[in-house]
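Student:
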Amino acid sequence: MILTQRTISSRLRFFLALCTGLVLISCQGHNPAPPAEKIITRNYEKPPVTLKLSINKPEITVAETLTLTLTAELPEGYKVEFQDFPEFPEESQSFKVVRQNTSRPQLTAGNLITIRNSLQLEPFLAGAYQVPPLQVIFKSEKDKDFQASITTEPITIKVNSLLADNPETQKIADITPPVDQPLSKNTIGWIMAGIAALIISGLLVYRFYPRHPQKEEKPVVPAHLIALEELKKLLAAQLLDKGEIKIFHQGVSGILRRYIENRFGLRAPERTTEEFLTELAATPVLKAAHKLLLKKFLTHCDLVKFAEHQPAEEEIRQTIDLGRQFIEETKEIVS
Numbered sequence: 002m003i004l005t006q007r008t009i010s011s012r013l014r015f016f017l018a019l020c021t022g023l024v025l026i027s028c029q030g031h032n033p034a035p036p037a038e039k040i041i042t043r044n045y046e047k048p049p050v051t052l053k054l055s056i057n058k059p060e061i062t063v064a065e066t067l068t069l070t071l072t073a074e075l076p077e078g079y080k081v082e083f084q085d086f087p088e089f090p091e092e093s094q095s096f097k098v099v100r101q102n103t104s105r106p107q108l109t110a111g112n113l114i115t116i117r118n119s120l121q122l123e124p125f126l127a128g129a130y131q132v133p134p135l136q137v138i139f140k141s142e143k144d145k146d147f148q149a150s151i152t153t154e155p156i157t158i159k160v161n162s163l164l165a166d167n168p169e170t171q172k173i174a175d176i177t178p179p180v181d182q183p184l185s186k187n188t189i190g191w192i193m194a195g196i197a198a199l200i201i202s203g204l205l206v207y208r209f210y211p212r213h214p215q216k217e218e219k220p221v222v223p224a225h226l227i228a229l230e231e232l233k234k235l236l237a238a239q240l241l242d243k244g245e246i247k248i249f250h251q252g253v254s255g256i257l258r259r260y261i262e263n264r265f266g267l268r269a270p271e272r273t274t275e276e277f278l279t280e281l282a283a284t285p286v287l288k289a290a291h292k293l294l295l296k297k298f299l300t301h302c303d304l305v306k307f308a309e310h311q312p313a314e315e316e317i318r319q320t321i322d323l324g325r326q327f328i329e330e331t332k333e334i335v336s
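Residue numbering for the sequence shown follows the numbering used here, starting at 2 and increasing by one per position.
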């Protein structure tokens, strides 16, 4: 039976996937789900407004942050103002706000407005610290004299250190020498199966996958050599002898514009002569003499291309010499 390249590739991928699956199954372990953390909640009510305070953890480490959320629920026509979290100096060893976000008002199923204000708090040091009382003010949009407020109670949060309480346990113990542990038959079997799978996979890849010879990179031809070769081909086309003076000047102008783009990175082919000369005046890549030479060359070409100017043979020869002179004097010097 003759196996096609697609069939061989498909079987090889199936074999590799099977080997990978066996290895993953052998290494799979059981990770028990972490216990759910308790959330601290407090509910407050002052008709027609209710307020819920929630804290995501009862205790944290000094490397963690605490998330405190105030959720206000009020009828339409009322607005809420969350007072700023008190600022404490670092020596007070309390919390500081590292991020705050107030949600947009949302309409509940009971035609009430819900607004949440979330604070992310960061502790300074380990210890037991209080989240201070927080005040929320409610106002009526219809009754300007109505104003009510709810103040939450202080809540104590325990902040644990990342270091052990006992200084003796913080000492670095001596390095325990390695303990030799014999491999079980099951482990040896899996190791041998893995080695065999790798060897077989390597042989199959070597045998059936085509090997292409490495392509040699072609040397980069300098921009001036490309331009001079194009100019040589243009002259060999004998357009002047055929009376195609306009087509000849279009060709020689295009050669020089492409040379400028390849040599200096200026986008000459895509622009009008006026646009290009304006950009050229501000660039330092060309000397003043070369800018003047280029302006004279392009202006003469445009007269022939657009103004139907009929140059004499001497003018045409001077135009060719100007283009060749510009290329020779601005070419890249390769050491």
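C-beta atoms are modelled at their ideal positions from N, C-alpha and C, and glycine is treated no differently.
Measure the alpha-carbon distance for L120 versus V137 and round it to whole angstroms.
Tutor: Against the sequence shown, residue 120 aligns to sequence position 119. Against the sequence shown, residue 137 aligns to sequence position 136. Near 14 Å, if we compare the C-alpha coordinates of V137 and L120.
Student: Please confirm whether L295 and Q326 have their CB atoms less than 8 Å apart.
Tutor: As a first step, residue 295 is located in the sequence shown; it is residue number 294 there, counting from the start. As a first step, residue 326 is located in the sequence shown; it is residue number 325 there, counting from the start. In this structure, Q326 does not lie closer than 8 Å to L295 by Cβ.
Student: How far does the beta strand (DSSP E) with N44 in it reach, from first residue to last?
Tutor: Residue numbering aside, residue 44 sits at position 43 when the sequence shown is read from its first letter. Taken as a continuous stretch (DSSP letters only), the beta strand (DSSP E) holding N44 covers 41-47.
Student: Check whether the Cβ atoms of I56 and I192 lie closer than 8 Å to each other.
Tutor: To locate residue 56, count along the sequence shown from 1; it is residue 55. To locate residue 192, count along the sequence shown from 1; it is residue 191. Not in contact: I56 and I192 (Cβ atoms no closer than 8 Å).
Student: How is V98 classed by DSSP in three states: helix, strand or coil?
Tutor: Taking the first residue of the sequence shown as 1, we reach residue 98 at position 97. Strand.
Student: Suppose you measure from the CA of Q101 to the CA of N161; what does that come to, to the nearest Å?
Tutor: Here residue 101 corresponds to residue number 100 of the sequence shown, with the count starting at 1. Here residue 161 corresponds to residue number 160 of the sequence shown, with the count starting at 1. CA-CA distance, Q101 to N161, rounds to 24 Å.
Student: Suppose the cutoff is 8 Å on Cβ atoms and the five residues either side in sequence are ignored; what does the same chain contact list for E280 look like?
Tutor: Position 279 of the sequence shown, counted from the first residue, corresponds to residue 280. So the list reads L267, R272, once near-sequence residues are dropped.
Student: Using CA coordinates, which residue listed in T284, P285, L323, A283 is at the minimum distance from T300?
Tutor: Taking the sequence shown and counting its residues from 1, one reaches residue 300 at position 299. The shortest C-alpha to C-alpha distance from T300 to any of T284, P285, L323, A283 is the one to L323.
Student: How close, in whole Å, do the beta carbons of K140 and G78 come, if the pair is a contact with beta carbons under 8 Å?
Tutor: Position 139 of the sequence shown holds residue 140. Position 77 of the sequence shown holds residue 78. Contact flag wrong, Cβ pair sits at about 10 Å.
Student: Count the other CB atoms within 10 Å of the CB of N44; is the residue buried (16 or more) or exposed (fewer)?
Tutor: Walking along the sequence shown from the start, residue 44 turns up at place 43. Exposed, by the Cβ-count rule.
Student: Which of the three DSSP states is assigned to K296 in this structure?
Tutor: Stepping through the sequence shown from its first residue, residue 296 is reached at position 295. Of the three classes helix, strand and coil, the one that applies to K296 here is helix, per DSSP.
Student: Could you tell me whether the Cβ atoms of S361 and F125 are closer together than 8 Å?
Tutor: This structure cannot speak to residue 361, because the chain is shown only from 2 to 336.
Student: Can you give me the C-alpha to C-alpha distance between T320 and I334, rounded to a whole angstrom?
Tutor: Taking the sequence shown and counting its residues from 1, one reaches residue 320 at position 319. Taking the sequence shown and counting its residues from 1, one reaches residue 334 at position 333. Spanning the two alpha carbons is a distance of roughly 24 Å.
Student: Per DSSP, which residues does T273 bridge with? Please list them.
Tutor: Looking up residue 273 in the sequence shown gives position 272. For T273, which the question treats as bridged, DSSP gives no partner whatsoever.
Student: Thinking just about the alpha-carbon of each residue, which of T72, D85, P48, F265 is nearest to the one in T331?
Tutor: Residue mapping note: residue 331 aligns to position 330 of the sequence shown, counting from 1. Of T72, D85, P48, F265, the residue nearest in Cα terms is F265.
Student: Please determine if the segment 275-292 and the segment 215-235 are in contact, where contact requires at least 3 C-beta pairs separated by less than 8 Å.
Tutor: These segments do not touch.
Student: Taking Cβ positions, are L71 and L122 nearer each other than 8 Å?
Tutor: Reading the sequence shown from its first residue, position 70 is the one you call residue 71. Reading the sequence shown from its first residue, position 121 is the one you call residue 122. No, the Cβ-Cβ distance between L71 and L122 is not below 8 Å.
Student: How many angstroms separate the CA atom of I200 from the CA atom of P178?
Tutor: Position 199 of the sequence shown, counted from the first residue, corresponds to residue 200. Position 177 of the sequence shown, counted from the first residue, corresponds to residue 178. Cα to Cα, the separation comes out at about 34 Å.
Student: Buried or exposed, going by whether 16 or more other CB atoms sit within 10 Å of the CB of I256?
Tutor: Walking along the sequence shown from the start, residue 256 turns up at place 255. Around the Cβ of I256, a 10 Å sphere holds 16 or more other Cβ atoms; the residue is buried.
Student: Which residue from T188, I40, L241, G195 puts its Cα closest to that of V305?
Tutor: For this step, residue 305 is matched to residue 304 along the sequence shown. For V305, the nearest C-alpha among the options comes from L241.
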